[in-house]
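In this note's numbering, the protein residues as written are 329 to 460. Heads up, the beta-carbon is just placed ideally off N, CA and C, and yes, glycines get one too. Single-structure report; data block below.
In structure tokens:
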């Protein structure tokens, strides 16, 4: 069969999700994922019940200047935890747990950690030391 006749198959695009630690007016709001900083900020606003950050800004007058945002270098943190624990760190995925209750980021020796901050603290580290 002529290859020109075959339908084009789109390969799934690999997304490199980043994790951002967000504080608002000095209050820790949590860790939010996004391929970009803007996606993470929109995820933060969505978590607060808004469609995106622009919606949040209109409703409550929020500004991005009120936010302290730091990208977590999760690869360096994972390396440090593996060194400190002697165990491999596995990415936690919906496949590894009940999909309705999915909220973890990694597993270490069978223990699930919900955030990179929680992971760091469990091994005597500070997530702040892994900000980019």
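* Contact between the segment 435-452 and the segment 378-392: three or more CB pairs below 8 Å? -> no
* To do: May I have the straight-line CA-CA distance separating residue 387 from residue 416, to the nearest angstrom?
  => 44 Å
* Asked: Got a sec: does the ligand NAD put a non-hydrogen atom nearer than 7 Å to the Cβ of residue 373?
  -> Within the structure as shown, the ligand NAD is missing, as the structure has no ligands at all.
* Leaving out five residues on either side along the sequence, give the residues of the same chain with a beta carbon under 8 Å from the beta carbon of residue 360. => 347, 348, 350, 368, 369, 371, 372 and 375
* Asked: Leaving out the 5 sequence neighbours to the left and right, which residues in its chain are closer than 6 Å to residue 336 when beta-carbon positions are compared?
  -> Low local confidence applies: a pLDDT of 49 at residue 336 is under 50, so the model's placement there is unreliable, with the coordinate-based value given in what follows. Taken in chain order, the list of residues that qualify is empty.
* To do: Identify every run of the beta strand (DSSP E) within the segment 345-398, keeping only runs that are complete inside it and at least 3 residues long; order them along the chain.
  => 346-352 and 355-362
* Helix, strand or coil: which one does DSSP assign to residue 405? -> helix
* Asked: Pick from 363, 354 and 394: whose alpha carbon is nearest that of residue 344?
  -> 363
* Close-in-space but distant-in-sequence residues of the same chain around residue 412 (CB under 6 Å, 5 per side omitted) -> 451
* Asked: Straight-line CA distance for residue 419 to residue 392?
  -> 30 Å
* Are residue 405 and residue 352 closer than 8 Å when you measure CB to CB? -> no
* Asked: Among all the DSSP beta bridges, which residues are the ones paired with residue 460?
  -> According to DSSP, which records beta bridges pairwise, residue 460 is partnered with nothing at all.
* Can you tell me whether residue 314 is buried or exposed, with buried defined as 16 or more other CB within 10 angstroms of its CB? -> As shown, the chain starts at 329 and ends at 460. That puts residue 314 outside it, with no answer to give.
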